[in-house]
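Protein chains: 2
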Amino acid sequence: MSYRAPVKDQMFLLREVLKLDSHSNLPGFADASTELVEQILEEGARFCEGVLAPLDTVGDKAGCVRAADGSVTTPPGFKDAYRQMTAAGWTGLGCDPEYGGQGLPATINTCFMEMASSANMAFAMYPGLTHGAYKAIHFGGTPEQKSTYLPKMVSGEWGGTMNLTEPQCGTDLGLIRTKAVPNGDGSYALTGQKIWISAGEHDMASNIVHLVLARIEGAPAGVKGISLFIVPKFIPDASGQPGERNKLECAGLEEKMGIHGNATCVMAYDGAKGWLLGQENAGLRLMFVMMNEARLGVGVQGIAIGEAAYQAAVEFAKDRLQGRSLSGPKNPEGPADPIIVHPDVRRLLMESKAVLEGGRAFMLWTALHGDLEHVSTDEATKTKAGDYMALLTPVVKAYLTDRGFQACSTALLVHGGWGFTEHFPASQHLRDARITMIYEGTNGVQALDLVGRKLGQNGGRGVMAFAQEIDAFVADHSADAALKPYVDALAGAKAKLLDGTMWLMQNGMANPEAAGAGSSDYLHLFGLTALSYMWALMAKAANAKIAEGDADPFYATKLATGRFFIERLLPDAAAHLAKMKTGPDTVMALPADAF
Amino acid sequence: MSYRAPVKDQMFLLREVLKLDSHSNLPGFADASTELVEQILEEGARFCEGVLAPLDTVGDKAGCVRAADGSVTTPPGFKDAYRQMTAAGWTGLGCDPEYGGQGLPATINTCFMEMASSANMAFAMYPGLTHGAYKAIHFGGTPEQKSTYLPKMVSGEWGGTMNLTEPQCGTDLGLIRTKAVPNGDGSYALTGQKIWISAGEHDMASNIVHLVLARIEGAPAGVKGISLFIVPKFIPDASGQPGERNKLECAGLEEKMGIHGNATCVMAYDGAKGWLLGQENAGLRLMFVMMNEARLGVGVQGIAIGEAAYQAAVEFAKDRLQGRSLSGPKNPEGPADPIIVHPDVRRLLMESKAVLEGGRAFMLWTALHGDLEHVSTDEATKTKAGDYMALLTPVVKAYLTDRGFQACSTALLVHGGWGFTEHFPASQHLRDARITMIYEGTNGVQALDLVGRKLGQNGGRGVMAFAQEIDAFVADHSADAALKPYVDALAGAKAKLLDGTMWLMQNGMANPEAAGAGSSDYLHLFGLTALSYMWALMAKAANAKIAEGDADPFYATKLATGRFFIERLLPDAAAHLAKMKTGPDTVMALPADAF
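Going down the list, the protein sequences come from chains A and B.
Each number in my numbering comes from the position in the first sequence (counting from 1) with 1321 added on.
Each number in my numbering comes from the position in the second sequence (counting from 1) with 1321 added on.
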């Protein structure tokens, strides 16, 4: 397996599709000329390909090991790779310069996180979690908390985690039992058990900053009584260095299907000292700052692991000789043709290629709106970007991870029997990818978030803006003959999305179960529409390059891949619409004991 | 996990839908009254639930172990379970009474194999492989070969395997290198390496009968020079007991994603003594007797493992308390409602229920045709049954395993985070199920077999008979108001299948790549149509029971599940048709280096 980071495709998106340079008047973007960004990404590619990728299988086979004292050892090579990563400053790429970060747009960091996750998802989760915790403290911390924790988290010297889940509560955080008792000195004593804490304990950072949801004694029941705490493994001393060992430990590692290289910990807090982050009983809101960041990051992982699997499948399909092409031998000197000549193998590879390139565009387009929400100087742009982020976060998370897993499944199919063995990376990709459909809210929870909360926010302003943006694109390009198949497909997809949206607005209000029963189909319809838009944008950019005389076959390939998307993936949009519009009656018909 | 065999559903199919008793004039069926069959299946259920199911996780965790001498130890408990299985005569259920079998229809054996595979797929593969080898020897062996091997394989005292694959050849058997040199005494010396040999070596049977594809020295190149050999682990002595140890051994066990309880062996033949089975250079045809049997068996596994996963998901969904029903609390005394109240969870469970019950019907309906092909006294029935078996074997294999894996994936989703851990069986089900999409010909190979070989056989006689049978059903029931939704859906599905068939006939002849590029979509369209027919048959039978005053809610549940199939699964038929009809151009557009 030799993973190659898709820098060329990322740069095509940043330069030709998203027009990164057009935002150079904005903070962060000013220092991110496409030339500089390209250098950064090429450097990042070397690190991910050369350092992280070779450790991917190692991590899967060796896993993490917990000693009797609760300490956890990461797989061989991880610690050194982490040292290299922090030394090169990769953990601070998108962080605030005030705390030592490089202040680049999140869009650029997203490109790097894609590569890192492709190369070694279990590894990339460690800095990924730290970044989420950084964001929460950056957003909600006191100046003292920020100065104590952020610089060391930006440098990667300290790690970070998010502690939500307990055995009796995953999605339903109102059931949290971990309790926090005031110590009288401004700190709290936290007691309880958290499970599935990714990167909860390991040997790569000198301290780990746990952000823990807990209930202050006497707080209201349910989600209104949950607060968020900073609970460091070592309590920072007066000089800011790791001091007293806190009363918390990793009580066990989860035995799991994939991401063996990441320490998924049972964390036991036994009167551990913690400090409130943000306001009392307002922990959930703050946690969702982190959670939304994390959800976008999981969408990135979906694309990333799908890309790694796709690349491995392409390599296999070019190497494996089996059978002859239906249109005559393509490798007449050899005993058989490479299996990439077979139409059904190609169909599988094209499906992944079309969805991954479209998904990458969607991921970066969304990330750019995330940046614009924060730094744009135009109120209308900020508002629209904010609406998009709320609306599209569940789509990015669920659609891209569903499709990322599908790409891994497809890659495994291409490998034939070898895919089922552990000689090739296909099995690991499939097993690793699976978690992305689950954590940070299962994809079913994302669908419910989309239809139950996000869609109706501000009277449906977000989805209407999205539809209008597409309408405007269609109107602007309806006379462009070269773009016609892409524009027609987009218009058709958007009409179905609007149809589904109207159906939900008419039926979901009266009967929430109508919305629930159609939620996943609607989310997939949304994802397909978003990718149709992305393919139209990419086709436009590719056509422009071809029109200006650029002979790089990359652009013709892009156009062909977009056509494949329209012909072979988009037909599912009508099926999703038809399914959701059958309503909830049959879904809900049976009593529980009939199952 | 407490697996419960679906005897009630199987009996509904055998009794009410397939009208087993109407065939009591035929050999085998005469001894298979539905009352007796019900007793047998209930006994089988006790064995599978009580003995095999508890060993499923054990097998996954412990796996098989190979010692330095090449011997293989199966997981703890397997040997004893195998002893119980053979003592009770389960291995001979569908076998010829002349060799000690019980001579029951294959349809009944299929019911038992479903249960056994649900309970413990890795275990059930051992007798499953033996049965395939039994079939090949029964079909192609000399009287002496039959009397030597069959009684001990029927009793399960000896096991059997099929040895096709070599490192350089899977699908493309023309590339086989294992060679056979005549010893001059009627036997041959076989030398070569075979890989992925399921049940290739183990400690449960006193002998293992390997059926090995090899090339006799001087044979023509390619598939026309391949012969099939019986190569026993111990050469039977004059008294028929295991004698001289043959020169073959398990050289290694494959490290793989699932079915850890089954020994997947690298088999090394080093001048091993073998005897020709059937004619020289005609080994492939004979192997396909075994292979077709095995493909149907793999389809059964698809349903079986999906059913096990579905049951575990239902149990989890009833136990796990999280969130509240959108239509008001259903468990007001508890901290939250069981997640089965949530529409999207129900949608997932209903999808599996609809596809598994429809798939079980399709599996048994096909198995019955397999029996009729052999024992019917009516020539037209035999011919049609033979046509159906040829045509539908790839559909049963690929559609049911694609959907079985999907059911496992769905079950894992229902489990949320717990699904990713190894505390629940969801991960094992998903990992085990995966092999069914691959072995005995990948699902892509099945699709190519369907469109490239089976569809056009005898001028398309099989598919036309299938369409006419559906047309007749539709015509006969068009006035039945209670059946209308099922009949309408079936007519719509059949029209699409016919549309796709015509498209293939018009385009696939001229350009084989058109057939190849549409093959998987066509196979899924076929599967959906077949299941539409099954749901119409089941709805008819359920309506009849209700009309005669049977108040068992089983029938109302059947009708509701059928409606769900129509509303939520069948819309994919149009998408598959649309995709395949876009043709091969975009699929084949890119040069290999553009991937």
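We put the CB at the ideal spot given by N, CA and C, even for glycine.
- Close partners of K1674(A) in chain B (Cβ separation under 8 Å): F1916.
- Using a CB distance cut-off of 9 Å, A1437(A) does not count as an interface residue toward chain B.
- At least one C-beta of chain A is nearer than 9 Å to the C-beta of A1881(B).
- Burial is judged here by how many other beta carbons sit within 10 angstroms of a residue's own beta carbon; T1428(B) has at least 16 and is buried.
- Cβ-Cβ separation between I1547(A) and I1497(A): approximately 6 Å, consistent with a contact (criterion under 8 Å).
- Taking V1619(B) as the centre and dropping the five residues before and after it, the same chain places the C-beta of K1718, T1722, T1757, Y1760, E1761 closer than 7 Å to its C-beta, in chain order.
- For A1910(B) and V1530(B), the gap between their C-alpha atoms comes out near 47 Å.
- Nearest CB-CB separation between V1621(B) and chain A: not below the 9 Å threshold.
- In this structure the segment 1443-1459 of chain B does not touch the segment 1334-1341 of chain B; the number of beta carbon pairs closer than 8 Å is below three.
- For D1591(B), the three-state secondary structure derived from DSSP is strand.
- Looking only at A1796(A), K1817(A), K1866(A), A1732(A), the smallest Cα-Cα distance to V1808(A) is reached by A1796(A).
- Sequence-ordered contacts of the segment 1452-1475 of chain B with chain A are nonexistent [C-beta pairs closer than 7 Å].
- Between S1476(B) and T1395(B), the CB-CB gap reaches or exceeds 9 Å.
- Burial check for Q1600(A): the Cβ neighbour count within 10 Å stays below 16, so the residue is exposed.
- Out of I1791(A), M1611(A), H1845(A), F1433(A), the CA that lies nearest to the CA of Q1622(A) is found in F1433(A).
- About 15 Å separates the beta carbon of V1766(A) from that of A1838(A), a gap too long to meet the 8 Å contact definition.
- The beta-carbon of L1825(A) is placed no less than 9 Å from the nearest beta-carbon of chain B.
- Sixteen is the threshold: when 16 or more other Cβ atoms of the shown chains lie within 10 Å of the Cβ of P1664(B), as they do, the residue is buried.
- Contact between L1532(B) and G1481(B) holds, with the beta-carbon distance rounding to 7 Å and staying under 8 Å.
- Residue pairing by DSSP puts E1570(B) in a beta bridge opposite A1589(B).
- Y1631(A) carries a helical assignment under DSSP once its states are collapsed to helix, strand and coil.
- Taking the CA atoms as reference points, Y1324(A) sits about 20 Å from R1755(A).
- Annotation: A1800(B) to P1806(B) spans about 12 Å, alpha carbon to alpha carbon.
- Listed in chain order, the positions of the segment 1741-1754 of chain A with a beta carbon within less than 7 Å of a beta carbon of chain B are F1741, T1742, E1743, S1748.
- Distances from the CA of A1913(A) to each of E1636(B), L1471(B), D1417(B), K1594(B) were compared; the closest alpha carbon is that of E1636(B).
- Less than 9 Å separates the beta-carbon of T1742(A) from that of E1575(B).
- Between the alpha carbons of P1833(B) and M1474(A) lies a distance of about 58 Å.
- With respect to the 9 Å criterion, A1857(B) and A1810(B) are classified as neighbours on the basis of their beta carbons.
- Between the segment 1692-1712 of chain B and the segment 1602-1610 of chain B there are fewer than three C-beta pairs closer than 8 Å, too few to call the two in contact.
- E1869(B) counts as exposed, since fewer than 16 other beta carbons sit within 10 angstroms of its beta carbon.
- Contacts with chain A (Cβ-Cβ distance below 7 Å) from the segment 1809-1843 of chain B involve P1833, E1834, G1837, A1838, S1840, S1841, listed in chain order.
- About 5 Å separates the CB atoms of N1583(B) and M1446(B); that is less than 8 Å, so the two are in contact.
- Contact of K1900(A) with chain B by beta-carbon distance below 8 Å involves E1888, R1889, P1892.
- The contact set of R1667(B) on chain A, defined by CB atoms closer than 7 Å, consists of V1908, M1909 in chain order.
- At a cut-off of 9 Å, the C-beta of D1692(B) has no neighbouring C-beta in chain A.
- In this structure G1380(A) is not in contact with A1440(A), their Cβ atoms being roughly 11 Å apart against a cut-off of 8 Å.
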